Amino acid sequence: MLRSFVNHAAYLAVSLTTSFVFYWVFKIWISMGRFTAADAPPGDISDTEKVFYSFVVPIVYGVLMTLLSFMYRRYLMKYSVKLSALFIFAIHTAICVYFITQFRTLAFS
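For the sequence shown, the positions run -8 to 100 when the working numbering is used.
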């Protein structure tokens, strides 16, 4: 029981740290695009870029992280370390929804 908790807590810490770094790097990327766009015409990022930054990037990130996590889970099974598939899916779905709301606000504001 304790070992399972430690496994899930360690996975959660690594996953949240990775997502935190991705969030800040991508937030700076969007802000830099908006800053340089204000210096020249047309003056802002296009609607296509707003949709891409708001929905496509977070969904692709969520799918890639989920796939990598399932590959990591499969690797851990060799060492009899259990990591719940539902836990992995729930964490990355929550992170993806959070990214969509945050990037949507940033891109469309």
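The C-beta atom is built at its ideal place from N, Cα and C for all residues, glycine as well.
Bear in mind that the values here come from a model prediction, so they are computed numbers and not experimental data.
C-beta atoms of residue i and residue j nearer than 9 Å
| i | j | result |
| --- | --- | --- |
| residue 21 | residue 98 | yes |
| residue 63 | residue 74 | yes |
| residue 7 | residue 91 | no |
| residue 61 | residue 82 | no |
Neighbour-count burial assignment, residue i, 16 or more Cβ in a 10 Å radius
| i | result |
| --- | --- |
| residue 94 | buried |
| residue -5 | exposed |
| residue 100 | exposed |
| residue 11 | exposed |
| residue 56 | buried |
Reduced DSSP category for residue i - H, G, I as helix; E, B as strand; rest coil
| i | result |
| --- | --- |
| residue 59 | helix |
| residue 10 | helix |
| residue 72 | coil |
| residue 45 | helix |
| residue 37 | coil |
| residue 100 | coil |
When the options are compared against residue i, the one with the closest alpha-carbon
| i | options | result |
| --- | --- | --- |
| residue 84 | 4, 51 and -3 | 51 |
| residue 2 | 36, 72 and 13 | 72 |
| residue 25 | 16, 14, 13 and 41 | 41 |
Point to revise | Cβ contact check for the region 65 to 73 and the region 41 to 52: 3 or more pairs under 8 Å | key: With the rule of 3 Cβ pairs closer than 8 Å, the region 65 to 73 does not count as touching the region 41 to 52.
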